[in-house]
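Numbering (the numbering used here), first residue to last: 151 to 289.
C-beta: ideal position from N, C-alpha, C; glycine also.
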Amino acid sequence: IHWCPTYKLQLLQAISFFVDKGFLVSIPYGNAGRYDLLVDNGQKIYRIQCKTAHKNENGSYTVNVSNSRMCANGNVLKHYTKDQVDYIMTFIEEQAVFIPVEIIENSKSKIFRAELPKYGAKSNCNLIKDFTYDKFFDN
């Protein structure tokens with residue numbers, strides 16, 4: 151596991167978030183899994199991968215939804231699949247955001263906004279409010 155300060159903060163925020171919602175939270179031992187947390191609501195166990203959202207100059211946020219590893223031929227991009235992870239989780243403007251892995255399986259990143267842009271393309275805009283806890287979890 152990469153234990154940089156930003157990663158630690160994301161992980162602690164995620165743990166706190168799920169504990170506050172009444173979930174049992176487990177952290178896998180070692181660095182073999184593609185997920186950071188297992189969260190159990192008593193009916194289902196979800197695999198959560200924590201990521202950091204980066205604010206862009208235009209007010210949007212980018213979440214890298216893949217990772218890369220260095221090998222002899224350079225960087226290799228690895229995508230998450232539904233067999234490995236259920237949700238990518240991040241925090242944007244103090245809001246927990248959940249990205250179902252099915253919509254990002256071959257993506258490098260996903261861009262989010264708090265509201266629609268005033269000008270330009272709006273059709274492929276991901277609004278934070280459409281990716282909240284209540285949209286995906288029954289509790």
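Take residue i as the anchor and find which of the options has the nearest alpha-carbon.
| i | options | result |
| --- | --- | --- |
| Asp236 | Tyr185, Ser257, Ser176 and Asn191 | Tyr185 |
| Val247 | Val213, Pro267 and Cys221 | Val213 |
| Asp288 | Leu187, Val175, Met220 and Tyr196 | Tyr196 |
Among residues of its own chain, excluding the 5 on either side of residue i, which ones have a beta-carbon nearer than 7 Å to its beta-carbon?
| i | result |
| --- | --- |
| Ile151 | Low confidence applies to Ile151: its pLDDT is 46, below 50, so where it sits in the model is not reliable, and the reading given next is rough at best. Excluding positions up to five away in sequence, the list reads Asn181. |
| Ile242 | Ala203, Tyr211, Phe262 and Ile278 |
| Gln163 | Phe241 |
Apply the 10 Å Cβ neighbour rule to residue i and answer buried if 16 or more other Cβ atoms are within range, or exposed otherwise.
| i | result |
| --- | --- |
| Gln160 | buried |
| Tyr230 | buried |
| Ile198 | buried |
| Leu227 | exposed |
Since residue i and residue j are thought to touch, with beta carbons under 8 Å apart, how far apart are those beta carbons, to the nearest angstrom?
| i | j | result |
| --- | --- | --- |
| Val215 | Lys201 | 7 Å |
Going along the chain, which residues of its own chain have a beta-carbon closer than 8 Å to the beta-carbon of residue i, five neighbours each way excluded?
| i | result |
| --- | --- |
| Asn256 | His229 |
Please go through the same chain and pick out, in chain order, the residues whose beta-carbon is closer than 6 Å to the beta-carbon of residue i, but skip the five residues on each side of it.
| i | result |
| --- | --- |
| Phe167 | Ala246 |
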